[in-house]
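Asks:
Numbering (the numbering used here), first residue to last: 172 to 438.
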C-alpha cells in the first residue's frame, strides 16, 4: 500500500517496505513505481525499498509547466526527509530516473552509498531531439497519452518482448495510458532542457553499477558501456533478451545483477 508523503508543498504516493539499507527505485518516463513490481518484494526481504511515483505520474500530484531533472531530484530528497531516511541510500534509476540521478549526485552526494544507472544517457538531447520532445508535450496536452503509448512501445521494448511477453506490453501500455497528460508534458519539457553531464562522470566517487538491455534502442549498449568506462570503478552489465525496460523484460537477470552489486556493498 502506498504512503501519502507531503514534501515541498506537494503530495506523493510512495511505496516504502522492508528494513535495512535503503534502496531508492526511481521509475522512467512516462511510467510509475509499478514498473519495479518484479524487484520491490524481492529486495524488501533484506532491505528497505522506497519507490515513489514522481511528480505528475501515478498517484502523485498533477503538475504542469516544466519540471526539470533538478526539480525531480529535489522532490526525492524531500521525500527521503519526510520518511526520516537519514542513512546513505543506494539510488537505482532507469532512463529518466537516470537523468534525475545525475542531478541527485550533484546536489546530494552525501546521501548516497551506491549508484545503479539503468538504460539511461549522460548526453543532453540534440536540438532536433529536444524539438521532438517539445512537440510531443504539445501533442499529449491536445490528444492525451494514447499517441505516446502507440509511439513508445516499439522503441522501449525489444522485438522479443513485444512478440512473446504480452503481459509486459499490457503493463507498460497501462502505465502510459494512466499517466496524467500535464505531467507527461512537463517531464518532456524538462528532459528537453536537461544538461549534458558527460564531463562529470569521471568525478563520481561512488560504487556504481551500469545496466543496459542488449537490445536497447534508446540508450544503446555501446553508449552505456562508455558511461561505465567514464565512471571510476563502475561495473557494466548487459541484460540479454531485453530492450530499454530491463527490469520488466528480464527481471530474473536484472535482479541477479542488482543483488550481486548490493551484496558487495554490504547491508
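Positions of the beta carbon are idealized from the N, C-alpha and C atoms, including for glycine.
What you are looking at is a predicted structure, and each value in this text was computed from that prediction instead of being measured.
1. To the nearest angstrom, how far is the alpha carbon of residue 392 from that of residue 184?
2. Would you give the residue range spanned by the beta strand (DSSP E) that residue 196 belongs to?
3. Helix, strand or coil: how does DSSP classify residue 367 here?
4. Along the chain, where does the beta strand (DSSP E) that runs through residue 287 open and close?
5. According to the neighbour-count rule (16 or more other Cβ atoms, all chains shown, within 10 Å of its Cβ), is residue 314 buried or exposed?
6. Between 290, 227, 367, which lies nearest to residue 246 when the distance is taken from Cα to Cα?
7. Hey, could you find the ends of the beta strand (DSSP E) residue 406 is sitting in?
8. Nearest-angstrom Cα distance between residue 197 and residue 306?
9. Compute the beta-carbon to beta-carbon distance between residue 347 and residue 323, rounded to the nearest angstrom, for a pair I have assumed lies under 8 Å.
10. Any beta carbon from chain C within less than 7 Å of residue 263's own beta carbon?
11. Give me the Cα-Cα distance between residue 376 and residue 286, rounded to the nearest whole angstrom.
12. Look up residue 178 in the DSSP assignment and say whether it is helix, strand or coil.
13. Determine which residues share a DSSP beta bridge with residue 264 and list them.
14. For residue 241 versus residue 281, is the C-beta spacing smaller than 7 Å?
15. Just how far apart, CA to CA, sit residue 269 and residue 373?
16. Just list the alpha helix (DSSP H) runs in the stretch 326-397, keeping only unbroken ones of 4 residues or longer that don't cross its boundaries, in chain order.
17. Starting from residue 222 and walking both ways along the beta strand (DSSP E), at which residues does that stretch end?
18. Would you call the stretch 287-297 and the stretch 332-347 touching, i.e. three or more CB-CB distances under 8 Å?
19. Could you tell me the distance, in whole angstroms, from the CA atom of residue 360 to the CA atom of residue 304?
20. Just the Cα atoms here: how many angstroms apart are residue 410 and residue 388?
21. Over what stretch of residues does the alpha helix (DSSP H) that includes residue 242 continue unbroken?
22. Looking at residue 386 and residue 329, is the spacing between their C-beta atoms short of 7 Å?
23. Count the other C-beta atoms from every protein chain shown that fall within 10 angstroms of the C-beta of residue 437, then say buried if there are 16 or more, exposed otherwise.
24. On a CA-only basis, which of 215, 200, 203 is nearest residue 187? Give me that one, please.
Replies: The answer reads as follows:
1. Walking along the chain shown from the start, residue 392 turns up at place 221. Walking along the chain shown from the start, residue 184 turns up at place 13. Cα to Cα, residue 392 sits roughly 32 Å from residue 184.
2. Within the chain shown, numbered from 1, the residue matching residue 196 stands at position 25. Where residue 196 is concerned, the enclosing beta strand (DSSP E) stretches over 193-197.
3. The residue you call residue 367 lines up with position 196 of the chain shown. Three-state result, residue 367: coil.
4. Reading the chain shown from its first residue, position 116 is the one you call residue 287. Looking at the DSSP string, the run of the beta strand (DSSP E) that includes residue 287 is 283-289.
5. Counting from one through the chain shown, the residue named residue 314 turns up at place 143. Residue 314 should be labelled exposed.
6. For the purposes of this step, residue 246 is taken as the residue at position 75 of the chain shown. Of the listed residues, the one whose Cα sits closest to residue 246 is 227.
7. By one-based count along the chain shown, residue 406 stands at place 235. Residues 406-410.
8. Sequence index remark: in the chain shown, residue 197 carries index 26 (1-based). Sequence index remark: in the chain shown, residue 306 carries index 135 (1-based). Computed Cα separation, rounded: 25 Å.
9. Numbered from its first residue, the chain shown carries residue 347 at position 176. Numbered from its first residue, the chain shown carries residue 323 at position 152. That pair is a contact at about 7 Å.
10. Here chain C cannot be found, since the structure has a single protein chain.
11. Translated into positions along the chain shown, residue 376 becomes position 205. Translated into positions along the chain shown, residue 286 becomes position 115. Taking the straight line joining both Cα atoms gives about 10 Å.
12. Against the chain shown, residue 178 aligns to sequence position 7. Residue 178: strand per DSSP, three-state reduction.
13. Stepping through the chain shown from its first residue, residue 264 is reached at position 93. Per DSSP, 197, 288.
14. The residue you call residue 241 lines up with position 70 of the chain shown. The residue you call residue 281 lines up with position 110 of the chain shown. Not closer than 7 Å, so no.
15. Locating residue 269 in the chain shown gives position 98, where the first residue counts as 1. Locating residue 373 in the chain shown gives position 202, where the first residue counts as 1. In a straight line, the C-alpha of residue 269 is about 16 Å away from that of residue 373.
16. 330-335, 337-349, 352-363
17. In the chain shown, counting from the first residue as 1, residue 222 sits at position 51. That run of the beta strand (DSSP E) goes 219-223.
18. no
19. Position 189 of the chain shown holds residue 360. Position 133 of the chain shown holds residue 304. Approximately 7 Å between the Cα atoms of the pair.
20. As a working note, residue 410 is residue 239 in the chain shown. As a working note, residue 388 is residue 217 in the chain shown. Taking the straight line from one Cα to the other gives about 13 Å.
21. Within the chain shown, numbered from 1, the residue matching residue 242 stands at position 71. Its alpha helix (DSSP H) spans residues 240-253.
22. Residue numbering aside, residue 329 sits at position 158 when the chain shown is read from its first letter. Residue numbering aside, residue 386 sits at position 215 when the chain shown is read from its first letter. Yes, they are a contact pair.
23. Position 266 of the chain shown holds residue 437. Burial call: exposed.
24. For this step, residue 187 is matched to residue 16 along the chain shown. Residue 215 is the option with its Cα nearest to residue 187.
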